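**Student:**
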Amino acid sequence: MSVEVRNLIKKFGNFTALDNVSLKVESGELVALLGPSGSGKTTLLRIIAGLEFPDNPEATVAYYGEDVTRVSASHRKAGFAFQHYALFRHMSVFENIAFGLRVRPAATRPSDAEIRQRVDKLLKLIQLEPLAKRFPSQLSGGQRQRVALARALAVEPKVLLLDEPFGALDAKVRKELRRWLRQLHDEIHITTLFVTHDQEEALEVADRVAILRDGRIEQIGTPEEIYDHPASPFVYDFLGNVNLFSGRVKDGGVVIGETEFELPGKTGEVNAAAVAFVRPHDIRITREPSGTKTFPARVIRSNAAGPVANLELARLDGGDSFTVQLSKELFQELQPKAGEQVYVELKNVRVFSDDYSI
Amino acid sequence: MPAKNIVGKKTRVLPGFHLTLGYTLLYLSLIVLIPLSAVVWKTTSLTWHEFWQVVTMPQALAAYRLSFGVSFLAALVNGIFGLIVAWVLVRYNFFGKRIVDALVDLPFALPTAVAGITLAYIYGPHGWIGGVLEPMGIKVANTRLGIFVALTFIGLPFIVRTVQPVIEDLDPELEEAAASMGATRWQTFWRVIFPVLSPALLTGFSLSFARALGEYGSVVFISSNIPMKTQILPLLIMSELDGFQIGKATALAVVMLVISFVLLLTINILQWWTSRHQQHN
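From first to last, the protein sequence lines are chains A and B.
All residue numbers in the first sequence are consecutive under the working numbering, ending with 368.
All residue numbers in the second sequence are consecutive under the working numbering, ending with 292.
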């Protein structure tokens, strides 16, 4: 266990940022803390870094089994990168990266030659060797964030903590940089936690994803686990587009409009109101009805721009509107036009028992 | 209608470079350059020999040392304590903060004579502070220390008001970043914060220094104004004027002008040099 936090509680005035949070991160793991703003993800990261401290005395933060709960940030040996980089603007790229080595006490400070060697190595790692003499104001956003990462790595941290590392970058640079981060992690295998509000980023980069909501960890697991088996409506909704169908519970299934869906193992009060969750790509469209599995709907809008076609449909038997993702081939075949009637089949329907609405 | 040829010309939203530059030059000439050149011109009533004798007389040399030395010290002390005041006003919230913030500006607004009389009283042998210090053997009123106190008083707002916005702009994340890399508090201040603040500190320092050099009103009250000991340069110039020695007075003024200009220019160059890389990210 390289990072373990237990029972963290943190309040800012009346606002509870963390409500009894516990988390274990394995050595060498890349874990994403994912959640909407105000969910407590940044506070959790800052407490792990020692930039913030928990309110309750029984809370613990441990690095590799060593209790660091009351140790200040400067003694924890955690590398931290900020969303807005926090580079020292009066220092060159080289000096920014060398900072952590230069401030060491004389006894453990490497020699100038050694510092040069190590900074050069990091510059190579972030692919910015030619820019060593530049100042932060002369770099692009993506370059600045890479310098910030190298600076955090220079102190040979036990854990690397990244606060929305790509949050201030434009979409294209974001994608490049997050692949680069994954590659970098595969090379150096440092235990890393990063905060993000972008589910796509978390699912693509992380080994495991912890989803936070209102100061609690709602679910933690591999990207596949949490995407395929969301533990709550919140996770389901947060991880991608989702359609909601209101219906009623029946024994071993759910009734939506006049169509019944079998859900083996589904129990609950018969006839109670229920909401079924279906991803847009788990919906099939046909021109003809097929048995009791389909229900009719009307096309409201269709948009074929991009890699997949998106349709907006409305149920004829209830009026709920929902979106469907179709492959381009299927779209060409069906040619659905606004106002036309089609038949809809749902796959991978999830029904959550507790009341939930978006 | 033919299109206006704007190729190769820098276009700006607000035009009027020539007009505003012309106005700037005219204004500076009327307000600064013409009066100052009149001072220089007035000295031509003296021969070179006379001029040299006046500006190197022992009384003048003592006054240069006193004026420049004490002004420098006062600006230096203001630099340190003004920085602390500005830091506290920006970084902390406490009861009465707005009042403290307003107090800082008082030396700007108060007539300097009022400040001088008040300081002379408080630091005098029977004043609140002087009464405590005198038995300990520290004399403030009528000494060089008194001049120092007065010059520190009038220079404080310059440091606070120039450094304050820069501290407001300073991201606390910079300190957190330094700490996470293992820097001590002192290293964080010295290597991360101070270099960012130094251009503003230098500006504040030069304003405070210039203000102290020109100060007259408060010093005449708290200083005993004894030639060779506690007579500042502006006062020496004044006493020459009182004796209708206009040539002598202007000669001293020219020396003061030249030294001040050279010092301020040096500080400006230093400030430009320290801030050369500090464009905003």
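Using N, Cα and C, we set each Cβ at its ideal position, and we do this for glycine too.
These numbers come from a predicted model, not from an experiment.
Please give the ranges of any alpha helix (DSSP H) in the segment 97-140 of chain A, keeping only runs that are unbroken, at least 4 residues long and fully inside the region.
**Tutor:** 103-112 and 122-135
**Student:** Any idea if V269(B) is buried or exposed, counting beta-carbon neighbours within 10 angstroms, 16 or more meaning buried?
**Tutor:** Here residue 269(B) corresponds to residue number 258 of the second sequence, with the count starting at 1. Exposed: under 16 other Cβ atoms inside 10 Å.
**Student:** Could you tell me which residues DSSP puts in a beta bridge with D217(A)?
**Tutor:** Looking up residue 217(A) in the first sequence gives position 207. Within the DSSP bridge table, the entry for D217(A) names no partner.
**Student:** Between the segment 19-27 of chain A and the segment 181-192 of chain A, are three or more C-beta pairs nearer than 8 Å?
**Tutor:** At 8 Å Cβ cutoff, the stretches do not touch.
**Student:** Could you say which of T202(A), G177(A) and I227(A) lies nearest to E210(A) if we only look at CA atoms?
**Tutor:** Residue mapping note: residue 210(A) aligns to position 200 of the first sequence, counting from 1. Ranking T202(A), G177(A) and I227(A) by Cα distance to E210(A) puts G177(A) first.
**Student:** Look at the alpha carbon of V174(B) and the alpha carbon of A161(B), and state the distance between them as a whole number of angstroms.
**Tutor:** As a first step, residue 174(B) must be located in the second sequence, where it is residue number 163. As a first step, residue 161(B) must be located in the second sequence, where it is residue number 150. Going by the C-alpha atoms only, they are around 21 Å apart.
**Student:** Who are the Cβ neighbours of L40(A) in its own chain at under 6 Å, not counting the five residues just before and after it?
**Tutor:** Sequence index remark: in the first sequence, residue 40(A) carries index 30 (1-based). Excluding residues within five positions, the ones whose Cβ falls inside 6 Å are H195, T202, A216 and D217.
**Student:** Judging by CA-CA distance, which residue of V265(B), T241(B), A152(B) and V171(B) is the nearest neighbour of R76(B)?
**Tutor:** As a first step, residue 76(B) is located in the second sequence; it is residue number 65 there, counting from the start. Checking every option, the nearest Cα to that of R76(B) belongs to T241(B).
**Student:** If you reduce the DSSP assignment to three classes, tell me which class T7(A) lands in.
**Tutor:** Not covered by the structure: residue 7(A). The range shown for chain A is 11 to 368.
**Student:** R371(A): which of F287(A), L43(A) and L179(A) sits nearest, CA to CA?
**Tutor:** Residue 371(A) lies beyond the stretch modelled for chain A, which goes from 11 to 368, so this question has no answer here.
**Student:** Per DSSP, which one or two residues make a beta bridge with E14(A)?
**Tutor:** Reading the first sequence from its first residue, position 4 is the one you call residue 14(A). According to DSSP, which records beta bridges pairwise, E14(A) is partnered with K34(A) and A72(A).
**Student:** Please report how far the alpha carbon of V361(A) lies from the alpha carbon of V252(A), in whole angstroms.
**Tutor:** Looking up residue 361(A) in the first sequence gives position 351. Looking up residue 252(A) in the first sequence gives position 242. Approximately 12 Å between the Cα atoms of the pair.
**Student:** With distances taken Cα to Cα, identify the nearest neighbour of D180(A) among S150(A), V113(A) and K303(A).
**Tutor:** As a first step, residue 180(A) must be located in the first sequence, where it is residue number 170. That would be S150(A), whose Cα lies nearest to the Cα of D180(A).
**Student:** Going along the chain, which residues of its own chain have a beta-carbon closer than 6 Å to the beta-carbon of D365(A), five neighbours each way excluded?
**Tutor:** Taking the first residue of the first sequence as 1, we reach residue 365(A) at position 355. With a pLDDT of 49 at D365(A), under the threshold of 50, the modelled position of this residue cannot be trusted, and the question is left open.
**Student:** Express the C-alpha separation of F90(A) and R56(A) in angstroms, rounding to a whole number.
**Tutor:** On the first sequence, residue 56(A) is found 46 positions in, with the first residue counted as 1. On the first sequence, residue 90(A) is found 80 positions in, with the first residue counted as 1. Looking at the two C-alpha atoms, the distance is approximately 9 Å.
**Student:** Unbroken alpha helix (DSSP H) runs of length 4 or more, entirely within the segment 110-195 of chain B: which are they?
**Tutor:** 117-120, 123-133, 141-144, 155-180 and 183-191
**Student:** Give me the Cβ distance between L28(A) and T53(A), rounded to the nearest whole Å; I'm assuming they're in contact under 8 Å.
**Tutor:** The residue you call residue 28(A) lines up with position 18 of the first sequence. The residue you call residue 53(A) lines up with position 43 of the first sequence. That belief holds up - the Cβ atoms of L28(A) and T53(A) are roughly 6 Å apart, short of 8 Å.
**Student:** Which two residues bound the contiguous beta strand (DSSP E) that contains Y394(A)?
**Tutor:** Summary: the structure shown does not reach residue 394(A), with chain A confined to residues 11 through 368, and so no result is reported for it.
**Student:** What's the gap between the Cα of D130(A) and the Cα of R223(A)?
**Tutor:** Taking the first residue of the first sequence as 1, we reach residue 130(A) at position 120. Taking the first residue of the first sequence as 1, we reach residue 223(A) at position 213. Straight-line Cα distance between these residues: approximately 41 Å.
**Student:** When you compare the CB of G193(B) with every CB in chain A, is at least one pair closer than 8 Å?
**Tutor:** If you number the second sequence from 1, residue 193(B) lands on position 182. Yes, G193(B) counts as interfacial toward chain A.
**Student:** What does D112(B) reach in chain A if we use C-beta pairs closer than 7 Å?
**Tutor:** Translated into the one-based positions of the second sequence, residue 112(B) becomes position 101. Within chain A, no residue comes near D112(B); the closest Cβ sits about 24 Å away, beyond 7 Å.
**Student:** Determine, using beta carbons only, whether P120(A) and L111(A) come nearer to each other than 8 Å.
**Tutor:** Along the first sequence, read from residue 1 onward, the residue named residue 120(A) stands at position 110. Along the first sequence, read from residue 1 onward, the residue named residue 111(A) stands at position 101. In this structure, L111(A) lies closer than 8 Å to P120(A) by Cβ.
**Student:** Among V50(B), F28(B) and L208(B), which has the Cα closest to the Cα of T285(B)?
**Tutor:** Here residue 285(B) refers to the residue found at position 274 of the second sequence. The candidate whose alpha carbon is nearest that of T285(B) is L208(B).
**Student:** Return the chain-ordered ranges of every beta strand (DSSP E) run that is complete within the segment 276-352 of chain A and spans a minimum of 3 residues.
**Tutor:** Within the segment 276-352 of chain A, the complete beta strand (DSSP E) runs of at least 3 residues are 283-288, 293-296, 304-313, 319-325 and 331-336.
**Student:** Check whether the Cβ atoms of R144(A) and M192(B) sit closer than 8 Å, and answer yes or no.
**Tutor:** Walking along the first sequence from the start, residue 144(A) turns up at place 134. Walking along the second sequence from the start, residue 192(B) turns up at place 181. Not a contact, by the Cβ cut-off of 8 Å.
**Student:** Buried or exposed for A131(B), please, with buried defined as at least 16 other CB atoms from any protein chain shown within 10 angstroms of its CB.
**Tutor:** Counted from its first residue, the second sequence places residue 131(B) at position 120. When all chains shown are included, A131(B) counts as buried.
**Student:** Give a yes or no on contact between the segment 316-323 of chain A and the segment 331-343 of chain A, applying the rule of three or more CB pairs nearer than 8 Å.
**Tutor:** Contact between the segment 316-323 of chain A and the segment 331-343 of chain A is present, with at least three C-beta pairs closer than 8 Å.
**Student:** In chain order, what residues of the same chain lie with their CB nearer than 6 Å to the CB of I310(A), ignoring the 5 residues before and after it?
**Tutor:** Taking the first residue of the first sequence as 1, we reach residue 310(A) at position 300. E322 and A324, listed in sequence order.
**Student:** Using CA atoms only, rank isn't needed, just tell me which of V165(A), L170(A) and L191(A) is closest to G152(A).
**Tutor:** As a working mapping, residue 152(A) is identified with position 142 in the first sequence. Closest option to G152(A), Cα to Cα, is L191(A).
**Student:** Quick one: measure Cβ to Cβ for T185(B) and I278(B), integer angstroms, because I've assumed they're closer than 8 Å.
**Tutor:** Numbered from its first residue, the second sequence carries residue 185(B) at position 174. Numbered from its first residue, the second sequence carries residue 278(B) at position 267. Note that residue 185(B) is Leu in the sequence shown, not Thr. Contact check for L185(B) and I278(B): beta-carbon distance about 26 Å, past the 8 Å limit, so the pair fails to qualify.
**Student:** Below 6 Å CB to CB, which residues in the same chain sit around K347(A) once its five sequence neighbours on both sides are set aside?
**Tutor:** Locating residue 347(A) in the first sequence gives position 337, where the first residue counts as 1. So the list is empty, once near-sequence residues are dropped.
**Student:** Taking just the CA atoms, how far does L172(A) sit from S47(A)?
**Tutor:** Stepping through the first sequence from its first residue, residue 47(A) is reached at position 37. Stepping through the first sequence from its first residue, residue 172(A) is reached at position 162. C-alpha separation (whole angstroms): 16 Å.
**Student:** What separation, rounded to the nearest whole angstrom, lies between the Cα atoms of H291(B) and L97(A)?
**Tutor:** In the second sequence, the residue the question calls residue 291(B) occupies position 280. In the first sequence, the residue the question calls residue 97(A) occupies position 87. Per-residue confidence for H291(B) stands at a pLDDT of 46, beneath the threshold of 50, marking its modelled position as unreliable; the derived number appears in the next sentence. Cα to Cα, the separation comes out at about 11 Å.
**Student:** If contact means a Cβ-Cβ distance below 7 Å, which residues of the segment 176-187 of chain B contact chain A?
**Tutor:** D182, E184, L185 and E187
**Student:** By a C-beta neighbour count over all protein chains shown, 10 Å radius and 16 as the cutoff for buried, is Y73(A) buried or exposed?
**Tutor:** Against the first sequence, residue 73(A) aligns to sequence position 63. Buried, because 16 or more other Cβ atoms sit within 10 Å of the Cβ of Y73(A).
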